[in-house]
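Peer 1:
Okay, structure coming up:
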């Protein structure tokens with residue numbers, strides 16, 4: 001099936017992030033496992049495939065049906081089909097196959113869910129209270145995580161990838177590496193700039209053994225990992241929110257929605273978030289419209 005050649009291509013030539021490469025690898029492994037598993041009963045048993053040219057759009061569609069039966073979300077299924085489209089497109093360009101069987105697949109529609117946000121006023125109040133975050137390294141590290149995610153709107157992967165050298169305290173900016181290795185410079189508010197300065201000094205005084213150059217580190221000085229950031233965010237958002245979803249992306253959504261509600265230009269928000277196109281940013285306008293409707297219903301006599 002030549003999946004190794006494709007993975008090498010996106011890893012070294014396209015220079016996709018490790019997270020993206022891992023996702024592509026996982027999707028392909030699942031699909032190949034499905035093709036070579038003779039025990040399927042619903043849909044009918046799939047034949048053992050020895051060459052990618054033997055894969056038909058019917059087989060891909062049957063796999064998609066099985067994913068639906070497994071109760072996967074439309075978003076997850078669409079991502080897996082997108083992986084197959086890109087994989088077979090690569091094989092087509094390499095001359096290994098003569099047509100792309102995934103190009104004929106119609107994917108399920110993704111329901112348009114509004115981005116989940118927290119109340120920015122409550123979030124700001126929590127960050128301004130001295131009692132919430134302890135003044136030791138762990139407490140200030142946690143505060144830095146929340147302040148940075150809310151103050152810049154960066155992704156989880158971008159946060160754990162920030163190095164100390166990426167921060168320009170004097171200019172008040174931070175450099176992040178986004179999707180597809182695209183760099184962007186994001187302004188940092190004055191409070192976050194002061195916090196970063198204090199945190200870096202505190203981190204230096206910990207005298208960690210490994211002397212990590214990564215901005216966010218564990219209590220022992222090792223590079224931060226995704227689960228640690230999730231646990232930090234969930235802990236502090238539980239103080240101000242009862243909603244089920246309490247993830248780093250909620251702070252990203254809150255950042256964008258707060259800017260839009262206060263009159264920021266949509267194109268500027270797009271650049272700050274690192275979106276490839278404006279359509280990805282426009283989802284935040286729905287939150288603003290809902291907010292305006294709520295204000296209208298409360299204030300207008302005819303509402």
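Residue numbers (UniProt numbering): 1 to 303.
Yeah, the Cβ is synthetic: ideal placement off N, Cα and C, and Gly gets one too.
What residue range is occupied by the uninterrupted beta strand (DSSP E) comprising residue 183?
Peer 2: Taking the chain shown and counting its residues from 1, the one referred to as residue 183 is at position 183. Looking at the DSSP string, the run of the beta strand (DSSP E) that includes residue 183 is 183 to 187.
Peer 1: Thinking C-beta only, is residue 67 closer than 7 Å to residue 308?
Peer 2: No information on residue 308 is available, as it lies outside the stretch 1 to 303 that the chain covers here.
Peer 1: Would you be able to state if there are at least three C-beta pairs under 8 Å between the segment 120 to 135 and the segment 156 to 163?
Peer 2: Contact between the segment 156 to 163 and the segment 120 to 135 is absent, because fewer than three Cβ pairs lie under 8 Å.
Peer 1: Does DSSP classify residue 106 as helix, strand or coil?
Peer 2: As a working note, residue 106 is residue 106 in the chain shown. Residue state, collapsed to three classes: coil.
Peer 1: Helix, strand or coil, according to DSSP, for residue 69 in the structure here?
Peer 2: The sequence position of residue 69 within the chain shown is 69, counting from 1. Residue state, collapsed to three classes: helix.
Peer 1: Could you tell me which of 165, 284 and 286 sits nearest to residue 216, measuring between CA atoms?
Peer 2: Counting from one through the chain shown, the residue named residue 216 turns up at place 216. Of the listed residues, the one whose Cα sits closest to residue 216 is 165.
Peer 1: Taking the CB atoms as reference points, tell me whether residue 60 and residue 23 lie closer together than 7 Å.
Peer 2: Here residue 60 refers to the residue found at position 60 when the chain shown is read from its first residue. Here residue 23 refers to the residue found at position 23 when the chain shown is read from its first residue. Contact flag unset, no.
Peer 1: If you measure between the beta carbons of residue 197 and residue 169, is that distance less than 7 Å?
Peer 2: For the purposes of this step, residue 197 is taken as the residue at position 197 of the chain shown. For the purposes of this step, residue 169 is taken as the residue at position 169 of the chain shown. Taking 7 Å as the Cβ cut-off, residue 197 and residue 169 qualify as a contacting pair.
Peer 1: Given residue 330, which residues of its chain have a CB within under 8 Å of its CB, disregarding the five upstream and five downstream residues?
Peer 2: Absent from the structure is residue 330, since the part of the chain shown begins at 1 and ends at 303.
Peer 1: Check whether the segment 265 to 283 touches the segment 142 to 150, taking contact to mean three or more Cβ pairs, one atom from each stretch, closer than 8 Å.
Peer 2: Because the criterion of three Cβ pairs below 8 Å is not met, the segment 265 to 283 and the segment 142 to 150 do not touch.
Peer 1: Looking at residue 254 and residue 132, is the spacing between their C-beta atoms short of 7 Å?
Peer 2: For the purposes of this step, residue 132 is identified with residue 132 of the chain shown, where counting begins at 1. For the purposes of this step, residue 254 is identified with residue 254 of the chain shown, where counting begins at 1. No, Cβ-Cβ distance for residue 132 and residue 254 is not below 7 Å.
Peer 1: Among the candidates 190, 54, 219 and 248, whose CA atom is the shortest distance from the CA of residue 204?
Peer 2: One-based indexing of the chain shown puts residue 204 at position 204. If we check each option's Cα against that of residue 204, 219 comes out closest.
Peer 1: Please state whether DSSP places residue 214 in a helix, a strand or coil.
Peer 2: Counting from 1 along the chain shown, the entry for residue 214 is found at position 214. DSSP places residue 214 in strand when its eight states are reduced to three.
Peer 1: Do residue 167 and residue 176 have their beta-carbon atoms positioned less than 7 Å apart in this structure?
Peer 2: What you label residue 176 is simply residue 176 of the chain shown in a count that begins at 1. What you label residue 167 is simply residue 167 of the chain shown in a count that begins at 1. It is not a contact, given that the beta carbons lie outside the stated cut-off.
Peer 1: Taking only three categories from DSSP, how would you classify residue 50?
Peer 2: The residue given as residue 50 occupies position 50 in the chain shown. In this structure, residue 50 counts as coil in the three-state DSSP scheme.
Peer 1: How is residue 11 classed by DSSP in three states: helix, strand or coil?
Peer 2: Residue 11 sits at position 11 when you count from the first residue of the chain shown. Three-state DSSP puts residue 11 in a helix.
Peer 1: Apply the 10 Å Cβ neighbour rule to residue 296 and answer buried if 16 or more other Cβ atoms are within range, or exposed otherwise.
Peer 2: Here residue 296 refers to the residue found at position 296 when the chain shown is read from its first residue. So residue 296 counts as exposed.
Peer 1: Just the Cα atoms here: how many angstroms apart are residue 130 and residue 153?
Peer 2: What you label residue 130 is simply residue 130 of the chain shown in a count that begins at 1. What you label residue 153 is simply residue 153 of the chain shown in a count that begins at 1. Approximately 23 Å between the Cα atoms of the pair.
Peer 1: Going by DSSP in three states, residue 179 sits in which element: helix, strand or coil?
Peer 2: Position 179 of the chain shown, counted from the first residue, corresponds to residue 179. Looking at residue 179 - three-state DSSP - the assignment turns out to be helix.
Peer 1: Rounded to whole angstroms, what's the CA-CA distance from residue 245 to residue 265? Just pull it up for me.
Peer 2: By one-based count along the chain shown, residue 245 stands at place 245. By one-based count along the chain shown, residue 265 stands at place 265. Rounded to whole angstroms, residue 245 to residue 265 spans 27 Å at the Cα level.
Peer 1: What would DSSP say about residue 163, mapped onto helix, strand or coil?
Peer 2: Looking up residue 163 in the chain shown gives position 163. Correct three-state label for residue 163: strand.
Peer 1: Whose C-beta lies closer than 6 Å to the C-beta of residue 185 among residues of the same chain, with five residues either side of it excluded?
Peer 2: Taking the first residue of the chain shown as 1, we reach residue 185 at position 185. 173 and 175, listed in sequence order.
Peer 1: What does residue 168 pair with, by DSSP beta-bridge criteria?
Peer 2: Within the chain shown, residue 168 is the residue found at index 168, counting from 1. In DSSP, residue 168 forms a bridge with 173.
Peer 1: In its own chain, which residues sit with a C-beta less than 6 Å from the C-beta of residue 11, not counting the 5 before and 5 after it?
Peer 2: One-based indexing of the chain shown puts residue 11 at position 11. Contacts found: 21.
Peer 1: Are the segment 218 to 235 and the segment 83 to 100 touching by the rule of at least three beta carbon pairs closer than 8 Å?
Peer 2: These segments do not touch.
Peer 1: Write down the C-beta distance between residue 141 and residue 199 rounded to the nearest angstrom, noting that I regard them as a contact closer than 8 Å.
Peer 2: Counting from 1 along the chain shown, the entry for residue 141 is found at position 141. Counting from 1 along the chain shown, the entry for residue 199 is found at position 199. At roughly 7 Å, the Cβ-Cβ gap stays under 8 Å, so residue 141 and residue 199 are in contact.
Peer 1: Spatial neighbours of residue 32 within its chain, please: C-beta separation below 7 Å, excluding the five flanking residues on both sides.
Peer 2: Walking along the chain shown from the start, residue 32 turns up at place 32. These residues qualify, in order along the chain: 1 and 3.
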